[in-house]
Amino acid sequence: MQQNSMAGKVRVLYDGEEIEGLTQFGEVPLENNTIDVPTYNRVHKIQSGVTTMPEVQLTYETRRQAKTRKFFKDYYHNKEKHDITIIRIDADGAEYDRELWSAVECVKYSENAFDAGSPTYASITISLLPYDITVVN
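By the working numbering, the letter at position 80 of the sequence shown is numbered 80, and the numbering carries on one by one without gaps.
Below is the structure:
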């Protein structure tokens with residue numbers, strides 16, 4: 001097990017099932033909204049108590065026999081909602097953080113661009129919008 005700094009990897013489970021091919025997992029910025037409070041000669045910002053849920057972008061490599069492409073096409077086109085578990089692990093596979101995302105919608109589905117001068121692996125990019133995020137540990 002890594003003792004000092006550690007590599008950060010992510011596993012994503014959709015209703016308990018991992019879909020193969022995850023190559024990128026975007027930033028998950030949780031932000032507390034603010035409101036302006038005017039006073040006699042100043043305007044102060046304070047927290048409103050409302051958290052803005054993030055839209056998170058993920059990229060998956062797709063392969064011929066894998067169900068990755070079909071799963072995400074169905075997820076987007078059928079307007080499905082899934083409960084997702086985000087597991088953060090180090091290079092040795094030891095879990096160090098877990099989050100539960102409920103009623104997650106897929107709000108964007110895109111195929112990778114093609115460039116004949118610089119070919120790359122076949123991939124899809126999706127944007128997920130969680131209804132709520134619960135930190136487990």
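Each residue gets a CB set at the ideal place from its N, CA and C atoms; glycine is no exception.
Because the structure is a prediction, the values reported are computed rather than measured.
Whole-angstrom distance between residue j and residue i, CA atom to CA atom
{"i": "residue 135", "j": "residue 23", "result": "23 Å"}
{"i": "residue 46", "j": "residue 32", "result": "10 Å"}
{"i": "residue 38", "j": "residue 44", "result": "6 Å"}
{"i": "residue 89", "j": "residue 35", "result": "37 Å"}
{"i": "residue 10", "j": "residue 16", "result": "14 Å"}
{"i": "residue 83", "j": "residue 40", "result": "48 Å"}
Backbone secondary structure at residue i - three-state DSSP
{"i": "residue 60", "result": "strand"}
{"i": "residue 25", "result": "strand"}
{"i": "residue 67", "result": "coil"}
{"i": "residue 36", "result": "strand"}
{"i": "residue 97", "result": "strand"}
Presumed contact (8 Å Cβ cut-off) between residue i and residue j, rounded CB distance
{"i": "residue 132", "j": "residue 102", "result": "5 Å"}
Residue i - partner residues in DSSP beta bridges
{"i": "residue 82", "result": "104"}
{"i": "residue 14", "result": "17, 84"}
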